Amino acid sequence: MRLRALLDTDALGLRLLGGEDELDRTVQGVMTTDLRDPSRYLAGGELVLTGLAWRRDAEDSEPFVRTLAGAGVAGVAAGTAEFGYVPEDLVVACARHRMPLFAVHESVAFATITEHVVRQVSGERAGDLAAVVDRHRRLMTSGPTGGGPDVVLDLLRSDLDLRAWVLSPAGRLIAGPKAAGPELPAEVCARLAAEHLAAARAGRHTPHRMAVGSATYSLFPIRGGGRSAQGSRDVRENVLSDWLLAVEADAGDWPEERLDLLQGVTQLIAVERDRRETARTVRRRLAQEILELVQTGAAPAELAARLRVAAPVLLPGLGAAPHWQVVVARVEWEGGTVDGGQAAQSLLEEILVDPLATGAEPSDRIAVAHTGDEAVALVPLSALPGGDDGTETGIVADTLLESVRDPLSAGLNDDGRLTLGVSAAVHSAEGLRGALEEARHARRVAAARPGRVCAAGHQELASHVLLLPFVPDDVRRAFTARLLDPLRDYDRRHRAELIPTLEAFLDCDGSWTRCASRLHLHVNTLRYRVGRIEQLTSRDLSRLEDKLDFFLALRMS
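As structure tokens, then:
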């Protein structure tokens, strides 16, 4: 469709502010954004819808429009709800870059415009798609209580007899049909998310299909910001943040009309996802401001005052938080060409939600900032579930990633890592700087461990493992090779299992009987193996110093 066709539809409430000579541009899609630089999500030809939350002052309009023009955007539609009008500096910037600009009346939802464009671009679809889209539009425009992913999924269930669920990349259930029988089990959600991420990393065509027990599921990506598969320069930029739609059906033999239907549904759900993403903007901005105060060593009184101001946003209805914890995450990709900061931010907002919670709203009380490849979460403990005795409980590093480790490992594949560090709880603003450093140290401890997804907590900082992340790599390699390579070579030649024996012997604190029992060996066989270890390494496992050296070598290997 062409841009000028938007002005022919009164229901869209669009008013042209500039760019009349460019109205014959072709619109190929829609993107809703309030990012200051959304270029990574643009493929060209989009109508960009923006609520102007990115604009802090008049100087912001020029770089924003310049970015859109460079990406080949067809036009911009700016909502008037933020300021009551479209700022003149945005009008001037659009005129300078020959960018058509529309004003969107505050009574018109972006979802209405998105649906209209999607339907026009996609052409006339099957009657079932029109029915679902029309009914969903009416519900979406009736207000927040009538919209959301659940409504679309209920319509799929009632109109097309399809059961479908919206899942996060970590496998958390975000939405499902209300009348579809039992909820999708958590273990099935995790398996579907892992399959989806693995397929995305492998570049397989969507929808991905997977059998779980007697059921077959077809998995469709839900990409934020109107992104298409061709629009992303590198799949790693968004693979850990995109939602997915899991449909209990085998889409392998579906006609094109039915596939088009599901693609249209994912675009509708993406509108809701983008709305929730935009709602996080204020919390992220508050987290960034507090983080900057903490890092620059601001006075405790200034920091406490800032937290009091932020409390109504971070803790709506709960007042001030008595305790805080800091969680630091880093996503690192081999080659260093992909910024992992936004991925780490999205993942923290996801995994810090109570695993039993459904929907996206529980994350509304977690503020996460990011700088470079690192994300920092300021978590008020009042937002976390309490213990059995009614007392508040904090985040425990060992259990934080249990339910999401497999899906995220599939998304990280062989070239990415996620490491997290968790601080102890602090009772005042004065303790936040120490908590931040503590969480960063804990993350470095986690980074020294094997595996694609690792976490460490403040409890481990009082242990010898605190030293391991700070040993230079070449020293670590030389130390472990000197102690363990003779044992590995011997195991390779004789299948003697000296390394597993050494690990079990140290884990049993040198107890012959306990270790023999664990390995299902006779004590004499165990003594023979330990003797061979000592012979090959010229060490004595009865000496504390040699036991400690072996222990550290195993931890660093």
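First residue of the sequence shown? That's 0 in numbering that gives the first Met the number 0, and the numbers climb one at a time after it. For every residue, glycine included, the Cβ atom is placed at its ideal position computed from N, Cα and C. Only a predicted model underlies this, so the values are computations on that prediction, with no experimental measurement involved.
Beta-carbon contacts of D149 that lie in its chain and below 8 Å, excluding the five residues immediately before and after: A174, G175, P176, K177
Pick out whichever of D372, A297, T336 has its Cα sitting closest to the Cα of S345. D372
Is any heavy atom of the ligand PLP found at a distance shorter than 8 Å from the C-beta of L172? This structure simply doesn't include the ligand PLP, nor any ligand for that matter.
Quick one: what does DSSP say V425 is sitting in, helix, strand or coil? Assigned with DSSP and collapsed to three states, V425 falls in strand.
So, at 6 Å on beta carbons, what are the nonlocal neighbours of A250 in its own chain, with the 5 sequence-adjacent residues on each side left out? P206, S217
Rounded to whole angstroms, what is the Cα-Cα separation between A503 and H521? 14 Å
Residues sharing a beta bridge with Q324, DSSP: V378
Minimum C-alpha distance to R279 - residue among V238, I365, A210, A248: When only C-alpha atoms are compared, the closest one is I365.
Would the region 390-404 count as touching the region 262-281 if we require 3 or more Cβ pairs under 8 Å? The answer is no - the region 262-281 does not touch the region 390-404, with fewer than three Cβ pairs under 8 Å.
Got a sec? Which residues, its chain only, sit under 7 Å from F550 by beta carbon, not counting five neighbours each side? L505
C-alpha gap between L159 and G420, whole angstroms: Computed Cα separation, rounded: 46 Å.
State buried or exposed for L383, treating a residue as buried only when at least 16 other CB atoms are found within 10 Å of its CB. Note that L383 has pLDDT 45, beneath the 50 cutoff, so the model's placement of it is unreliable and no number is given.
Nearest to G28 by CA position, among P184, A163, L11, V47, is which residue? Of the listed residues, the one whose Cα sits closest to G28 is V47.
What separation, rounded to the nearest whole angstrom, lies between the Cα atoms of Y489 and R526? 17 Å
Measure from the alpha carbon of S106 to the alpha carbon of each residue in E81, R97, D88, then state which is nearest. E81
Per the contact definition of three or more C-beta pairs closer than 8 Å, is the region 397-413 in contact with the region 152-169? yes
Rank L290, R432, R416, A248 by C-alpha distance to the C-alpha of H369 and give the top, closest one. L290
Relative to the alpha-carbon of E236, which residue among L196, D259, I268 has its alpha-carbon at the smallest distance? L196
Contact the region 90-104 vs the region 72-80: 3+ CB pairs below 8 Å: yes
Taking the CB atoms as reference points, tell me whether L380 and W323 lie closer together than 9 Å. yes
Quick one: Cα of C514 to Cα of L34, how far? 58 Å
Exposed or buried, which one is D7 when buried takes at least 16 other CB atoms within 10 Å? exposed
The alpha helix (DSSP H) that contains E271, what's its start and end? 255-278
Round the Cβ separation of E331 and R416 to the nearest angstrom and send it over; I've been treating them as touching at under 8 Å. Taking the Cβ atoms as the reference, E331 lies roughly 5 Å from R416, within the contact range of under 8 Å.
Separation of G430 from E256, as counted between CA atoms: Straight-line Cα distance between these residues: approximately 58 Å.
Using 10 angstroms around the beta-carbon of P62, count the other beta-carbons present and answer buried if the total reaches 16, otherwise exposed. exposed
Starting from V165, follow the beta strand (DSSP E) in both directions and report where the run begins and ends. Unbroken beta strand (DSSP E) run through V165: 163-166.
Return the first residue and the last residue of the beta strand (DSSP E) that L172 is part of. 172-174
Taking the Cβ atom as the reference point for each residue, do S427 and E437 lie within a distance shorter than 9 Å? no
Backbone secondary structure at A52 - three-state DSSP: coil
For G18 and R208, the rounded distance between their alpha carbons: The alpha-carbon atoms of R208 and G18 are separated by roughly 45 Å.
Return helix, strand or coil for I394, following the three-state DSSP convention. coil
Skipping 5 residues on each side, what residues in its chain have a beta carbon closer than 6 Å to that of L155? L161, A163
When you compare the CB positions of T336 and D233, do they come within less than 9 Å of one another, or not? The answer is yes: Cβ separation under 9 Å.
Looking only at DSSP bridge pairs, what is M209 linked to? Y216.
For H115, I'd like the list of residues in its chain whose CB is within less than 7 Å of its CB, leaving aside the five on either flank, ordered along the chain. T8, L11
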